[in-house]
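Numbering (my numbering), first residue to last: 4 to 141. Each residue gets a CB set at the ideal place from its N, CA and C atoms; glycine is no exception.
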């Protein structure tokens with residue numbers, strides 16, 4: 004039996020997309036590992052070697068870890084930025100809806116104005132947080 008190892012996904016796709024199996028056959032014959040039929044010990048050694056390769060861990064340099072952490076932080080900051088923008092948009096819609104409703108009495112008008120002021124303050128606060136976040140990112 005011949006076993007082909009260390010082949011990339013792109014190369015495998017190329018070989019399997021050929022109209023004939025000629026290229027695949029040539030690659031297996033030239034680069035494949037040959038284990039004779041009935042050689043249980045050779046097959047066991049091959050399987051053990053493959054399992055050992057799968058167990059080996061990947062070592063990442065400190066620079067690589069820092070780059071990954073930076074990417075994660077950017078994604079987190081972007082999501083926080085997007086959350087703030089979304090909340091501001093929601094509050095602006097709520098404010099517009101509140102102000103579009105007619106007030107029947109002076110008391111209702113005062114309540115409506117107080118609610119509008121609360122929403123405006125929350126929008127202002129969120130805008131300040133957004134500005135601080137953008138300033139920190141730069």
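The beta carbon of residue 17 is closer than 7 Å to none in its chain, skipping five residues each way along the sequence.
Excluding its 5 nearest sequence neighbours in each direction, residue 83 has C-beta neighbours in its own chain below 7 Å: 136, listed in chain order. Counting along the chain, no alpha helix (DSSP H) covers residue 9, and no H or E run does either.
According to the DSSP assignment, residue 106 belongs to no alpha helix (DSSP H), since it is labelled neither H nor E. According to the DSSP assignment, residue 30 belongs to the alpha helix (DSSP H) that extends over 25-34. Bridge partners of residue 17 according to DSSP: none are assigned.
A contact is defined here as three or more CB-CB pairs under 8 Å, and the stretch 38-49 fails this definition with respect to the stretch 85-103.
Rounded to the nearest angstrom, the Cβ distance from residue 87 to residue 122 is 15 Å, too far for a contact under 8 Å.
For residue 26, the CB contacts under 6 Å within the same chain, skipping 5 residues up- and downstream, are 18 in chain order.
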